[in-house]
Every structure is written in structure tokens, then in C-alpha cells.
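Asker: This is the structure I have questions about; it appears just below.
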Amino acid sequence: MQKILVIEDEPTVREMLVLNLRAEGFEVLETGDGVEGLNLARE
């Protein structure tokens, strides 16, 4: 399964992106904060 990171500060937009990406078969990591997003990307 491919993994994708969504960094979006607007909760509604982030939720829609995550739902659609998961429906397409992606493993999704999500955050609303850029610093946290960078930390997740480094893991």
C-alpha cells in the first residue's frame, strides 16, 4: 500500500482529502501543522 502525507490547516478540506485518498487505497498520514508534517515525513 502506498503512503501519502496530507498537510492542510483547514480541517474540512483535510478530512475530504483523507477520505478520498483512503477510498483510492492509500495509507494516509495527516496533520494540520507544517512542523508536525515535516516530522512525520522524516519518520
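Per this note's numbering, the sequence shown runs over residues 0 to 42. Here a beta-carbon is modelled for each residue, glycine too, at the ideal position from N, C-alpha and C.
DSSP three-state call for GLU23: helix, strand or coil?
Answerer: Three-state result, GLU23: coil.
Asker: On the DSSP bridge list, what partners appear for LEU28?
Answerer: Answer by DSSP bridge pairing, in chain order: LEU4.
Asker: If you follow the alpha helix (DSSP H) that GLU35 is part of, which residue opens it and which one closes it?
Answerer: Segment 33-41, the alpha helix (DSSP H) holding GLU35.
Asker: When you compare each of LYS2, ASP8 and LEU20 to THR30 by their alpha carbons, which one comes out closest?
Answerer: Selected option, being the one with the closest Cα: ASP8.
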